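Asks:
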Amino acid sequence: MEAPNSNVKKELIDIASEHIRSNYVKGKHHIAAALKTKTNIYLSLHLDTKGFDVCAEPIAISNALADNGSEFEYIVAVILNSDNTTSVISPCGNCRQILLEYIPSVSVIIDDQDHHKTSKPSELLPNPY
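Start counting at 1 in the sequence shown, then tack on 84, and there's your number in the working numbering.
The following block contains the structure:
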């Protein structure tokens, strides 16, 4: 029997996967994030540019904060693979710092050898800036 949060994790991964598949534009974005609060799910896309990239996770956080979102539960980022499948990816170092500063209580869904687990931002970034 799966733990209760396993269904929530799968649902959020599926939502983020559908978001990137539905909105994929080559050279513009290939990663989507989904951030679940107690009352809403906020979606975002990674912005690919020639000079720098903007990750999907901080955009999702910003969308939630602009909407007065609170009680952050889970966040996940997925990448669209060349065969149209998606994979859960871990946040980059900058995103880990942002997660720790803005939503430290969130559970970050990450891939762990054939299954998905959650970690707190402080576990992903044990010695923050």
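Yeah, the Cβ is synthetic: ideal placement off N, Cα and C, and Gly gets one too.
These figures come from a predicted structure and were not determined experimentally.
Within 10 angstroms of the Cβ of Thr170, are there 16 or more other Cβ atoms? Answer buried if so, exposed if not.
Replies: Residue mapping note: residue 170 aligns to position 86 of the sequence shown, counting from 1. The residue is buried, with at least 16 neighbouring Cβ atoms inside 10 Å.
Asks: Quick check on this structure: which residue in Pro142, Asn211, Asn178, Asn152 has the alpha carbon closest to the alpha carbon of Val159?
Replies: In the sequence shown, counting from the first residue as 1, residue 159 sits at position 75. Contrary to the premise, residue 159 reads as Ile rather than Val in this sequence. It is Pro142 whose Cα lies nearest to the Cα of Ile159.
Asks: How far does the alpha helix (DSSP H) with Gly93 in it extend, from its first residue to its last?
Replies: Your numbering for residue 93 matches position 9 in the sequence shown. Contrary to the premise, residue 93 reads as Lys rather than Gly in this sequence. Counting along the chain, the alpha helix (DSSP H) containing Lys93 begins and ends at 88–107.
Asks: Would Ala150 and Cys179 qualify as a contact pair, given that the criterion is a beta-carbon distance under 9 Å?
Replies: Here residue 150 refers to the residue found at position 66 of the sequence shown. Here residue 179 refers to the residue found at position 95 of the sequence shown. Contact: no.
Asks: Can you tell me the Cβ-Cβ gap for Ala117 and Ser128, rounded? I've got them flagged as a contact below 8 Å.
Replies: Translated into positions along the sequence shown, residue 117 becomes position 33. Translated into positions along the sequence shown, residue 128 becomes position 44. The Cβ separation is near 5 Å, so the contact holds.
Asks: Among the candidates His114, Ala100, Lys94, whose CA atom is the shortest distance from the CA of Asp167?
Replies: Taking the sequence shown and counting its residues from 1, one reaches residue 167 at position 83. Of the candidates His114, Ala100, Lys94, the one whose C-alpha sits nearest the C-alpha of Asp167 is His114.
Asks: Got a sec, what are the start and stop residues for the beta strand (DSSP E) Glu157 sits in?
Replies: Working through the sequence shown from its first residue, we reach residue 157 at position 73. First-last of the beta strand (DSSP E) with Glu157: 156–164.
Asks: With 16 as the cutoff for other CB atoms within 10 Å, does Lys122 come out buried or exposed?
Replies: Taking the sequence shown and counting its residues from 1, the one referred to as residue 122 is at position 38. Answer is exposed; the Cβ neighbour count stays below 16.
Asks: Counting only the same chain and skipping the five closest in sequence on each side, list residues whose C-beta sits under 6 Å from that of Lys112.
Replies: Numbered from 1 along the sequence shown, position 28 holds the residue referred to as residue 112. Hits under 6 Å: Asp132.
Asks: Give me, in chain order, the residues of the same chain whose beta-carbon lies closer than 6 Å to that of Pro175; leave out the 5 immediate sequence neighbours on both sides.
Replies: In the sequence shown, the residue the question calls residue 175 occupies position 91. Correct list, in chain order: Glu141.
Asks: Asp196 to Pro210, Cα distance in whole Å?
Replies: Your numbering for residue 196 matches position 112 in the sequence shown. Your numbering for residue 210 matches position 126 in the sequence shown. Those two C-alpha atoms are separated by around 18 Å.
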